[in-house]
Structure formats: C-alpha cells, structure tokens
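Single-structure report; data block below.
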Amino acid sequence: MKSHTQVVVIGGGVVGCSVLYHLTKLGWKDVALVERSELTSGSSWHAAGGFHTLNGDPNVAQLQSYTVSLYKELEEISGQSCSLHLTGGVMLADTPERMDFLRLAQAKGRYLGMELELISVAEAKKMFPLLDERHFIGALWDPVEGHLDPSGTTHAYARAARINGAEVYRHTKVEELVQTPDGTWDVITDKGTIRAEHVVNAGGLWARECGRMVGIELPVLAMEHMYLLTDEMEEVTAHNEVTGKELIGVLDFGGEIYTRQEGKGILLGTYEQNCRPWSPRETPWDFGHELLPPDLDRIAPELEVGFEHFPALQNAGIKQVINGPFTFAPRRQSAGRPGARASQLLGGLRRDGRVQPGRRRRPDACQLDDQRRSGLRHLGHGRCPLRQLGDACLHQCQGAGELPPPLSHPLPQRRTARRAPAPDHAAL
1 MKSHTQVVVI
11 GGGVVGCSVL
21 YHLTKLGWKD
31 VALVERSELT
41 SGSSWHAAGG
51 FHTLNGDPNV
61 AQLQSYTVSL
71 YKELEEISGQ
81 SCSLHLTGGV
91 MLADTPERMD
101 FLRLAQAKGR
111 YLGMELELIS
121 VAEAKKMFPL
131 LDERHFIGAL
141 WDPVEGHLDP
151 SGTTHAYARA
161 ARINGAEVYR
171 HTKVEELVQT
181 PDGTWDVITD
191 KGTIRAEHVV
201 NAGGLWAREC
211 GRMVGIELPV
221 LAMEHMYLLT
231 DEMEEVTAHN
241 EVTGKELIGV
251 LDFGGEIYTR
261 QEGKGILLGT
271 YEQNCRPWSP
281 RETPWDFGHE
291 LLPPDLDRIA
301 PELEVGFEHF
311 PALQNAGIKQ
321 VINGPFTFAP
331 RRQSAGRPGA
341 RASQLLGGLR
351 RDGRVQPGRR
361 RRPDACQLDD
371 QRRSGLRHLG
381 HGRCPLRQLG
391 DACLHQCQGA
401 GELPPPLSHP
411 LPQRRTARRA
421 PAPDHAAL
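Residue numbers (my numbering): 1 to 428.
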C-alpha cells in the first residue's frame, strides 16, 4: 500500500469508483481508493439499475446525459461489461398539469440537445403494452433511457481507473483521519497509513461515520427502499417476440411507480410515501451484502395504483422482493420537479480542514454552518480536478440505479381527487 498520494477516495461504491476514474481521466494518476470490504458492498449492488437523462434541473440532465454516453467508453477501456440496455423510456402524464410539466421538460431538454418527443398514449402503449390507456393523457419519450448492472458498472470504473494509474485497496477499513501540521491528511487504516493532500468522502451508508472522523455531522439518512421482480409474463415475451425489442422503461407520476423489463418479467418500484429510516444514528461497520426483510404492506397503496394502471401486473407472480438501504441527502428544489435531490452527499476535505463549497456558492460561503445547510455538495480545491468532478460524479449514483425523487403530494390525496379516465390526446 502507498504511503503518500495526492487523493484518497473513501468508499468503493459506484460514486467512489466514479470519482477515482474521473480523477485519472483529468490527469491525476497518484490517487487511491480504500474500501472496507469488497467493491459495491453498500447500496450499489442492490440498486435497481435504471437510468434516465430527463431531470427538472437542466444542469443535472446534462450530467446524466454525459454519464450515459460514458458507459460505452468505460467498457472499451476496462473490458468490463456494464450490461447496458438502452431501451428508451417514457414519462406518463395523468393530468393536464403533469402534461404541462412534460412540455416544459421537453423544451428544456431540446435546448440542451436532448431528443425528447411528446407522444400520445396510444404510441406509448405500442412500446409498453401493459399500460391501460384510460388513465393517461400523454407521454414524453426519451430514447436515452434504459438500465444496466450497477455492480458491473462499478467494477468498470475501478478497472479503468487502475489502468490509468490509480490504486484500489479492498478490505482496507479507514479508522481515523488526522490532519497534519502542513495541512495534509493521515488516512489511518487497519492496513497502514496513507498521507494524502486531499480526502474524498464517498462512504455512502458510512458517509456519516467518515464525517465524524473530522468532526463533521453530515445530514444524510439511510432509507429503506423496495422494488419487486415478477415471474415471467406472457405479455412481456409476446412483445419481445413480435417487436424483437425489450420493453421500454416507464415512469408513472400519478402512480408514483417506475417499471422496466427484467429478464422475461418486470421490475416494479415505487416512490414510497410511507418511508422508513434505516439505522438512523449510525451504520454498522459489518453490514454489507445483505438485504432487509420485505414489507409489501408499506407500499400497498402504490401497488394498488400500479395494478390499476398496468392491469397485467395483477396476475403476475412475485419472484423476489428487494428491500435495501439507500443514503439520501437533503432535498433541493428544482424547476418543474419538486424535491429533486442529490443521491449522495459528498464532502471534499481541503488542506485547511474545511469542506469545500460548490461552484455556485458565493466566494465566502465555505463556513461549516453554510455547508450543513447545503443540499448538494460539489468537490473542489483551487484548480485541482476535484473541482471539476463535483457534478459529474455526484449524479452518477442516480445514473447507476439510485432512485428519482418522489413527488410532492401524498398519494392518498391524489387518489381521492382522481378524475375519470381522460380521453387520449392524439395530437399533443
């Protein structure tokens, strides 16, 4: 293990490995990543794996678009497959207000060069025959959507970073962070000490524990999240045989659910209203490749709407329920979609011991109190590549399967106010 390096990245999930790769891509070769167990031993391995480019924040949309184009580059460099399925996807609108949001999103996306298209419900049904047209009035088609293997993607980042000169130390637990008189950091592990100019906290479920090593209480919270996998469905296999294509991904705002094809069945996930925190004070260091007990009653209201909007799912058998913890940071509001969030809260430690603010912050905004109020962390220090990595690496967790933000109004309120099924608008 190295004794000195420019940057130590703590955490071997998709975010940490993405940061490591991008550092090498920007020219820093003397960098290292330390992971307490195997790569993806936190929340990356059980993520649903869906990705999309559309976002209420145009900057985040651009970053997500960049990441989608990056996967092929990673495969070529690393020789590791990301299991990329570029199926395309639609966002469904069930009310005129949501249709207005999709029109706004399309306008923003086209300004950024995204090939978004407003389509009728009938057109959406041709690509996803499971939906019931009566519950929707229009949709937004995005060809740059799909899903991948989060574990394979994480390993592709790590391999590409190693090819570029980085070091990856697995089964190496960080036990202490100590700032030295010259402003550098001693990263003390159970395998030895590394002196580093910069430290990146990409600890995910353990980000709080890493922050506490330097006296920072990061406002992150792990939440349980469930999705289910169905048995093989005749409707899915029939569509595959007729079209020769995989089913597209679907985001149903009204039902607060998302779907994609998984094998010959369907992956169905929900944006849970009955949220349940997991290990709210601290994360056990021995937690790893484990799942939490399923609790379908908690997402029953969302599932009921899903079965109504996609009737074929009512008769599908459940092959597996995935329930695992994901780390969430404070929400920040973005135009068009309330509650947009950063899927991971990352902090870059400066040589003066402070947390570096984002580039949009005012120059004097690097006090710790301001940082605690910030909902989105960017990495940065002077002119170093860390400053350029903030957005690109921060959003990557969404791109590899972290969940889109939930809607702002509780599901029961929308269900009681639901109107009669609206006719399809052939021309939008």
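Cβ coordinates follow ideal geometry from the N, Cα and C atoms, glycine included.
Is residue i helix, strand or coil when you go by DSSP?
i: S18; result: helix
i: K2; result: coil
i: F310; result: coil
i: V321; result: strand
i: V236; result: helix
i: E38; result: coil
i: F128; result: coil
i: N164; result: coil
i: D297; result: helix
i: Y227; result: strand
i: Y432; result: Absent from the structure is residue 432, since the part of the chain shown begins at 1 and ends at 428.
i: A32; result: strand
i: H135; result: helix
i: G12; result: coil
i: H85; result: strand
i: G152; result: helix
i: G254; result: coil
i: T327; result: strand
i: P277; result: strand
i: A365; result: Note on A365: pLDDT 28, under 50, position unreliable in the model; no value is reported.
i: I174; result: According to the sequence displayed, residue 174 carries Val and not Ile. Strand, per DSSP.
i: A61; result: helix
i: A122; result: helix
i: G109; result: helix
i: G249; result: strand
Taking residue i and residue j to be in contact with their CB atoms under 8 Å, please state how far apart those CB atoms are, rounded to whole angstroms.
i: T24; j: A166; result: 5 Å
i: H52; j: D142; result: 6 Å
i: A139; j: V90; result: 4 Å
i: S43; j: T270; result: The pair is not a contact, with the Cβ atoms about 17 Å apart (cut-off 8 Å).
i: A222; j: S279; result: 6 Å
i: S41; j: A160; result: With a Cβ gap of about 20 Å, S41 and A160 do not count as contacting.
i: Q80; j: A32; result: Not quite, the Cβ-Cβ distance comes to about 20 Å (not below 8 Å), so this is no contact.
i: T230; j: G317; result: 6 Å
i: F310; j: T259; result: 7 Å
i: L112; j: P181; result: 47 Å between Cβ atoms; not a contact.
i: C82; j: T153; result: 4 Å
i: I257; j: G306; result: 5 Å
i: I322; j: H46; result: 6 Å
Using the C-alpha atoms, what's the distance from residue j back to residue i?
i: R281; j: V242; result: 51 Å
i: L102; j: G109; result: 10 Å
i: E272; j: L292; result: 16 Å
i: T67; j: E224; result: 26 Å
i: V7; j: E262; result: 38 Å
i: D286; j: L177; result: 20 Å
i: L20; j: N201; result: 12 Å
i: D364; j: D94; result: The predicted model places D364 with a pLDDT of 31, which falls under 50 and marks its position as unreliable; any figure quoted below should be read in that light. Between D364 and D94, the C-alpha separation is close to 45 Å.
i: G49; j: E175; result: 31 Å
i: E75; j: G265; result: 26 Å
i: L218; j: I188; result: 20 Å
i: K2; j: L205; result: 26 Å
i: K173; j: S37; result: 8 Å
i: E246; j: I10; result: 37 Å
i: P294; j: M226; result: 7 Å
i: G288; j: G183; result: 33 Å
i: L116; j: G249; result: 14 Å
i: C17; j: R162; result: 10 Å
Have a look at the DSSP bridge pairing and note the partners of residue i.
i: W141; result: V90, E117
i: Q261; result: I266
i: G27; result: Answer is none; G27 lacks a bridge partner.
i: W185; result: Q179, A196
i: V7; result: V31, H198
i: G146; result: F51
i: G211; result: The partner list for G211 (beta bridge, DSSP) is empty, contrary to what the question assumes.
i: L221; result: F328
i: Y169; result: V34
field: Any 3 or more C-beta pairs closer than 8 Å across the region 126-135 and the region 69-78
entry: no
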